[in-house]
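See structure below.
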Amino acid sequence: MATVEVEVGKGLEALFKPRSIAIFGASDDVTKIGGRPLQFLQKYGYRGAIYPVNRKGGTVQSLPAYANVAELPSVPDLAVMAVPPDAVLEAVKDCAARGVRAAVILSSGFSEMGEEGSRLQAAIGEVARASGMRVVGPNCLGSVGVADRSIATFSVALESSFPTAGPVGIVSQSGNLGSYTMRLAVERGIGISRLLTTGNECDVDIADGIASLATDPATSVILCCMETCRNAAGLMRALAMAREAGKPVVVLKVGVSSAGSEAAASHTGALAGSDAVFDVVLRNAGAIRVPSIEQLLEVGHAVSVVGTARAPKGPRVALVTASGGFGVLMADAASAQGLELPKLSAATQERIVAALPYASPGNPVDMTAQVSSRPELLVQVLSAVAEDASCDAVILQSAYAFQMPRLRDVYLAALEQVRRAHPSRLVLLCCKAPPDTMAQLNEMGFPTVETIDAACATLAALVRLGTRGEQAEVAVASLSAEALPAEAFANEASAKAVLAQAGIPVLKEVTAGGRDEALAAARDIGFPVVLKIVSPDIPHKTEVGGVVTNVRSEAQLRDEYDSLLARVAQKAPQARIAGVLVAQMAQGGTELILGTMKDPVFGPVVMVGLGGIYAEVLRDVALQVAPVTEAQAMQMLRSLKAFALFDGARGRPKADVAAAARAVAALSRFAARHARSVAEIDINPLVVLDHGHGAFALDALLVPETKDKP
Numbered sequence: 001m002a003t004v005e006v007e008v009g010k011g012l013e014a015l016f017k018p019r020s021i022a023i024f025g026a027s028d029d030v031t032k033i034g035g036r037p038l039q040f041l042q043k044y045g046y047r048g049a050i051y052p053v054n055r056k057g058g059t060v061q062s063l064p065a066y067a068n069v070a071e072l073p074s075v076p077d078l079a080v081m082a083v084p085p086d087a088v089l090e091a092v093k094d095c096a097a098r099g100v101r102a103a104v105i106l107s108s109g110f111s112e113m114g115e116e117g118s119r120l121q122a123a124i125g126e127v128a129r130a131s132g133m134r135v136v137g138p139n140c141l142g143s144v145g146v147a148d149r150s151i152a153t154f155s156v157a158l159e160s161s162f163p164t165a166g167p168v169g170i171v172s173q174s175g176n177l178g179s180y181t182m183r184l185a186v187e188r189g190i191g192i193s194r195l196l197t198t199g200n201e202c203d204v205d206i207a208d209g210i211a212s213l214a215t216d217p218a219t220s221v222i223l224c225c226m227e228t229c230r231n232a233a234g235l236m237r238a239l240a241m242a243r244e245a246g247k248p249v250v251v252l253k254v255g256v257s258s259a260g261s262e263a264a265a266s267h268t269g270a271l272a273g274s275d276a277v278f279d280v281v282l283r284n285a286g287a288i289r290v291p292s293i294e295q296l297l298e299v300g301h302a303v304s305v306v307g308t309a310r311a312p313k314g315p316r317v318a319l320v321t322a323s324g325g326f327g328v329l330m331a332d333a334a335s336a337q338g339l340e341l342p343k344l345s346a347a348t349q350e351r352i353v354a355a356l357p358y359a360s361p362g363n364p365v366d367m368t369a370q371v372s373s374r375p376e377l378l379v380q381v382l383s384a385v386a387e388d389a390s391c392d393a394v395i396l397q398s399a400y401a402f403q404m405p406r407l408r409d410v411y412l413a414a415l416e417q418v419r420r421a422h423p424s425r426l427v428l429l430c431c432k433a434p435p436d437t438m439a440q441l442n443e444m445g446f447p448t449v450e451t452i453d454a455a456c457a458t459l460a461a462l463v464r465l466g467t468r469g470e471q472a473e474v475a476v477a478s479l480s481a482e483a484l485p486a487e488a489f490a491n492e493a494s495a496k497a498v499l500a501q502a503g504i505p506v507l508k509e510v511t512a513g514g515r516d517e518a519l520a521a522a523r524d525i526g527f528p529v530v531l532k533i534v535s536p537d538i539p540h541k542t543e544v545g546g547v548v549t550n551v552r553s554e555a556q557l558r559d560e561y562d563s564l565l566a567r568v569a570q571k572a573p574q575a576r577i578a579g580v581l582v583a584q585m586a587q588g589g590t591e592l593i594l595g596t597m598k599d600p601v602f603g604p605v606v607m608v609g610l611g612g613i614y615a616e617v618l619r620d621v622a623l624q625v626a627p628v629t630e631a632q633a634m635q636m637l638r639s640l641k642a643f644a645l646f647d648g649a650r651g652r653p654k655a656d657v658a659a660a661a662r663a664v665a666a667l668s669r670f671a672a673r674h675a676r677s678v679a680e681i682d683i684n685p686l687v688v689l690d691h692g693h694g695a696f697a698l699d700a701l702l703v704p705e706t707k708d709k710p
């Protein structure tokens with residue numbers, strides 16, 4: 001059967017704006033999965049046709065019921081399935097044959113239950129792809145289109161109330177996490193456009209959800225609860241669509257994979273894990289990652305109030321409070337989030353003191369209790385701070401003002417005046433207030449957060465939104481990538497040979513089969529040289545005493561050659577020895593570790609960090625999905641905490657970082673081109689010499705991709 005190619009996010013309007021809905025497994029019992037969607041549709045006023053489907057016929061919840069899809073008076077746009085798993089496939093086939101546009105499978109018992117369930121789920125996915133009918137689930141909590149009252153869920157989050165329509169869309173792989181997020185949003189007064197939970201993702205996945213919300217006119221902010229990604233290219237495209245549409249995506253990515261930390265042959269595999277790669281992909285796409293469901297809501301709400309235009313263009317914040325103690329707490333919390341507290345200008349401080357003579361005009365600004373007796377002076381203080389060019393944003397902390405009738409109206413009037421005078425300046429409020437007051441403040445354009453830590457975390461997220469650069473070009477490595485010959489993986493020498501052909505410089509070296517060959521090689525290369533054991537069974541040569549540096553004469557080489565072989569024979573008696581590598585010794589320079597690993601979702605990832613013995617101790621590394629350009633490679637280098645070592649810190653000569661960037665880019669291209677056969681590459685170290693003298697791979701390891709990997 002031919003497969004219908006579906007563009008990411010397409011076909012989901014039938015979920016959120018269906019003209020008619022059929023409920024398979026419809027029940028009179030509203031406590032059952034088949035009873036609740038039908039109850040919700042009627043309770044909350046869905047205006048389309050509702051068709052209960054129950055093999056017994058009759059009526060269900062006062063509506064005529066039909067034995068199967070063939071008996072329905074018209075073709076429904078959406079089918080909601082709450083039938084046993086062994087009945088789902090037939091129902092899906094029947095719906096596809098009748099021309100149903102979308103289906104939501106609430107039933108569980110599929111891939112989460114083992115091999116048989118996986119086969120059944122795969123068969124459902126094949127029907128979806130062959131027919132073009134979009135299928136959500138199975139084992140999901142379904143979807144909600146708020147404006148159209150399209151309800152395809154049994155979530156208890158809807159039992160007591162229905163969300164208010166608003167600009168925030170939610171997509172989640174976890175049903176409970178998604179519905180809980182919606183429930184908390186409702187309690188927080190956040191309006192919802194759509195909810196989609198994708199479950200086992202036999203067809204519709206998290207990328208489809210993001211892309212669909214990106215094209216929804218009613219959605220301006222997308223909240224995403226993500227566990228994994230089954231379609232890397234689709235996710236990247238969906239995030240790009242959201243950014244092109246000007247819709248920020250706030251992501252709660254749960255689950256830190258251990259795949260990157262399991263016994264890897266290379267340093268790179270130990271340093272780069274899947275969760276870190278997700279960080280890179282999300283950052284490249286301009287998405288905002290948050291660590292908790294609380295921050296997901298706070299940041300999402302703040303973004304919906306602020307929009308992208310007023311997001312801060314830098315991390316400099318002015319803190320304003322009526323308490324010195326609160327000011328200290330705010331300063332600590334702001335610093336912990338990477339925010340900066342610049343000193344306010346002399347003119348700004350003079351204006352503050354002119355309004356409140358006993359105020360502390362530094363940053364934080366302590367207005368003292370004076371502002372409680374004369375709250376109208378708040379306008380003068382906030383205006384002075386808002387007009388100070390040294391700050392990108394303002395946080396106003398108020399403990400009780402909005403809960404006291406005497407102060408609330410004055411504060412509201414003052415803030416409204418400040419908002420009119422400074423429409424582009426972000427002022428975030430850290431306060432508690434009654435729900436109606438919170439709504440009024442939000443309507444005026446002031447995001448509100450209750451606690452100090454949350455307020456600073458929210459502002460830091462808004463800074464990431466306002467300072468995100470141009471979207472990085474990210475490509476998933478082609479499955480038709482070139483394969484490397486098996487001999488390339490044999491040892492260090494063969495690895496460096498193929499890497500040198502790919503544009504990664506290496507120093508002169510010769511593999512010697514005996515002492516006399518080693519002496520001849522050293523004479524040709526020139527002393528000093530380095531001796532290294534060459535063996536396919538010894539990935540880390542220093543651990544068996546298989547490296548000797550600074551060999552400066554023929555006599556020393558004779559002694560060191562014999563001693564090296566003796567040590568290796570003692571510590572690795574079973575290792576196959578292919579010879580001893582005689583290599584030119586690098587003079588000076590600063591070491592980097594450079595490598596790639598195969599992420600299970602995004603393919604080859606290139607990594608660079610401080611090299612030598614510090615690689616796994618300091619873990620100062622930068623990652624990017626391969627391939628990268630030289631400009632992106634330079635950005636990776638500059639992002640390292642240790643970059644100052646390469647940039648002339650404390651009188652050191654500047655290193656040839658341009659040569660290092662060329663090596664990073666060349667390695668990334670090599671990894672992407674050979675993604676099919678190379679699992680990991682480890683260059684440790686890449687020595688970076690003084691400016692103009694290049695960068696060279698001193699050691700290299702290629703790890704082949706094997707079919708028997710876990």
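Residues 1 to 710 in this note's numbering are what the sequence shown spells out, letter by letter.
The beta-carbon is built from N, C-alpha and C at its ideal position, and this holds for glycine as well.
Residues Val30, Gln61 of the same chain have their beta carbon placed closer than 8 Å to that of Gln39, with the five preceding and five following residues left out of the count.
Annotation: the segment 76 to 157 contains the following complete segments of the alpha helix (DSSP H) (minimum length 4 residues), in chain order: 85 to 98, 115 to 131.
In chain order, Ala661, Arg662, Ala665 place their CB closer than 7 Å to the CB of Glu630, counting only its own chain and leaving out the 5 sequence neighbours on each side. Every unbroken stretch of the alpha helix (DSSP H) spanning 4 or more residues and falling wholly within the segment 474 to 523 is given here in chain order: 492 to 501. A contact is defined here as three or more CB-CB pairs under 8 Å, and the segment 212 to 224 meets this definition with respect to the segment 7 to 18. Within the segment 535 to 581, the complete alpha helix (DSSP H) runs of at least 4 residues fall at 554 to 571. Beta-bridge pairing by DSSP links Met607 to Gly595, Leu623.
In the three-state scheme derived from DSSP, where H, G and I count as helix and E and B as strand, Thr321 is classed as strand.
Counting along the chain, Tyr51 sits inside the beta strand (DSSP E) bounded by residues 49 to 53. Put simply, the backbone Cα of His674 is about 44 Å away from that of Arg310. Ser74 sits close to Ser20, with the two beta carbons spaced by under 9 Å. Ranked by Cα distance from Gln440, the first of Ala460, Ser424, Ala454, Arg419 is Arg419. The three-state secondary structure of Lys43, taken from DSSP, is helix. Its chain contains no residue whose beta carbon lies nearer than 6 Å to that of Arg652 once the 5 sequence neighbours on both sides are disregarded. Ranked by how close their Cα comes to the Cα of Ala67, the residues Tyr46, Asp86, Met404, Asp94 have Asp94 in first place. When Lys432, Val385, Ala421 are compared, the shortest CA-CA separation from Arg408 is found for Lys432. When C-beta atoms of the segment 697 to 707 are compared with those of the segment 486 to 500, three or more pairs fall below 8 Å, so the two segments count as touching.
Rounded to the nearest whole angstrom, the C-alpha separation of Asp205 and Cys140 is 11 Å. The closest CA to that of Thr228, considering only Arg464, Gly546, Gly589, Asn200, is found on Asn200.
Within the segment 354 to 399, complete beta strand (DSSP E) segments of at least 3 residues are found at 393 to 398, given in chain order.
For the options Val290, Ala389, Ala399, Ala336, the alpha carbon positioned closest to that of Met367 is the one of Ala399. Under the criterion of beta carbons closer than 8 Å, Met236 and Val281 qualify as touching, at roughly 7 Å.
Fully enclosed beta strand (DSSP E) runs of no fewer than 3 residues occupy 165 to 172, 192 to 197 of the segment 161 to 198, in order along the chain. Under the DSSP assignment, Asn684 falls in the beta strand (DSSP E) whose first and last residues are 678 to 688. From the listed residues Pro434, Ala287, Leu645, the smallest Cα separation to Ala401 is found for Pro434. In this structure, Asp203 sits away from Gly234, with a CB-CB distance that is not shorter than 9 Å.
Ranking Leu640, Gln397, Ser390, Pro375 by CA distance to the CA of Pro405 puts Pro375 first. Residue burial is scored here from C-beta neighbours: Asp562 has fewer than 16 other C-beta atoms within 10 angstroms and is therefore classed as exposed. The closest CA to that of Ala421, considering only Val379, Gly692, Leu462, Cys430, is found on Val379. Beta-bridge annotation (DSSP): Tyr66 is paired with Val53. The C-alpha of Ala642 lies about 7 Å from the C-alpha of Asp620. The DSSP-derived three-state label of Ile33 is coil.
The Cβ atoms of Ala393 and Arg468 do not sit closer than 9 Å to each other.
The C-beta distance from Met133 to Val104 rounds to 11 Å, too long to fall under 8 Å, and the pair is not in contact.
A check of alpha carbon separations from Gln587 across Leu686, Arg283, Gln403 identifies Leu686 as the nearest.
Taking all protein chains shown into account, Glu298 has 16 or more neighbouring C-beta atoms within 10 Å of its C-beta and is therefore buried.
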